[in-house]
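In the numbering used here, the protein residues as written are 7 to 273. Here a beta-carbon is modelled for each residue, glycine too, at the ideal position from N, C-alpha and C. A quick note: this is a predicted structure, and the numbers were derived from the prediction, not measured. Comments concern the structure below.
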């Protein structure tokens, strides 16, 4: 991988990681168009590194919110309207984290591939359309109004994101709508929950592949990391604005188009 490829991949990761359009699908398609060997350890590790850059963007943008999560004063399990705190994140993390650890090898063996990504792009798009059409009226308009029960429901839907191409934000925003959370609140909650999960996955993947890399890989990785960080910061703010102007169905249609592109270019 050269610097130009690293920057292009960083841009794609930063743009798509937190949008309900599947960053995995875009990364696979981009790697194919750039003629990168996605089976090599260096490319696999690079994809983890740029994902970490996108995660760091969330940490920077929501730094005060993360600090506030550790304030448990007047926030108990019995509170009907507890302000967002660390317990919300833990509750939402549990379902996908447990299954992710148990099924990690199965997912990597059977679900990481262009064909399965096409299926998940379509399935995720259909879920988003269904959530938008049939969701009940929201009772939580902001992240601070999300209850522990709603956090758990969103966490259940996050399990779908273990299927590459389904999209973490797409599945969790849909789950949030069904749980009576507004789309913007569900999106922000998704950003916050993604940080510990993606950090954990990054550490595991880097630990298992770090000895396969050479010193020459790191400057290229750094270029992709910085690019993903900058672009993700811009994309997160832009996406929250887009959610107020465009429906989830618009993103679902884009997913269907991307699935068709996959079918004709890669499969």
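Going by other Cβ atoms of all chains shown within 10 Å of its Cβ, with 16 needed for buried, is residue 274 buried or exposed? There is no way to answer for residue 274, as the model of the chain reaches only from 7 to 273.
Among 173, 180 and 134, nearest to residue 156 - alpha-carbon criterion
180
- Item | Boundaries (first-last residue) of the alpha helix (DSSP H) holding residue 32 | 29-39
Let me check understanding here. Comparing Cα to Cα, which of 202, 71 and 243 lies closest to residue 100? 202
Helix, strand or coil, according to DSSP, for residue 185 in the structure here?
coil
### Proximity below 8 Å, CB of residue 280 to CB of residue 196
With the chain covering only 7 through 273, there is no way to say anything about residue 280.
* Residues bridged to residue 146 (per DSSP) -> 187
Q: Have a look at residue 145 and residue 222 and give me their C-alpha separation to the nearest angstrom.
A: 52 Å
Check whether the region 229-236 touches the region 56-69, counting contact only when three or more Cβ pairs, one atom from each stretch, lie closer than 8 Å. yes
Exercise. Spell out a yes or no on whether the region 19-30 and the region 238-250 are touching, meaning 3 or more CB-CB pairs, one atom from each, closer than 8 Å.
Key: yes
Rounded C-alpha distance that separates residue 132 from residue 37 | 26 Å
Give the straight-line distance between the Cα atoms of residue 167 and residue 31, rounded to the nearest whole angstrom.
12 Å
* **Own chain, CB closer than 6 Å to residue 186, minus 5 neighbours either side, in chain order** => 142, 144 and 145
| task | Could you tell me how far apart the beta carbons of residue 274 and residue 92 are, in whole angstroms, since I believe they sit closer than 8 Å? | result | Since the displayed the chain opens at 7 and closes at 273, residue 274 lies outside it and no answer follows.
* Excluding the 5 residues preceding and the 5 following residue 18 in the sequence, name in chain order all residues of the same chain whose CB lies nearer than 8 Å to its CB. => 29, 32, 33 and 36
- Pick out whichever of 194, 9 and 230 has its Cα sitting closest to the Cα of residue 69. 194
Between residue 212 and residue 51, how many whole angstroms is the CB-CB distance? I'm expecting something under 8 Å.
7 Å
Margin query: Looking only at its chain, what residues have a beta carbon closer than 7 Å to the beta carbon of residue 188, apart from the 5 residues adjacent to it on each side?
Written below: 144, 146 and 147
Subject >> Close beta carbons around residue 44, own chain, < 6 Å, minus the five adjacent residues each side >> reply: 37
Does residue 107 pass the burial test, meaning 16 or more other C-beta atoms within 10 Å, or should it be called exposed?
exposed
Quick one: measure Cβ to Cβ for residue 160 and residue 182, integer angstroms, because I've assumed they're closer than 8 Å. 5 Å
Once the 5 residues before and after residue 56 are set aside, which same chain residues still bring their CB inside 7 Å of it? 15, 16, 19, 230, 231 and 234
**Message:** Buried or exposed for residue 90, going by 16 or more other Cβ atoms inside 10 Å?
**Reply:** buried
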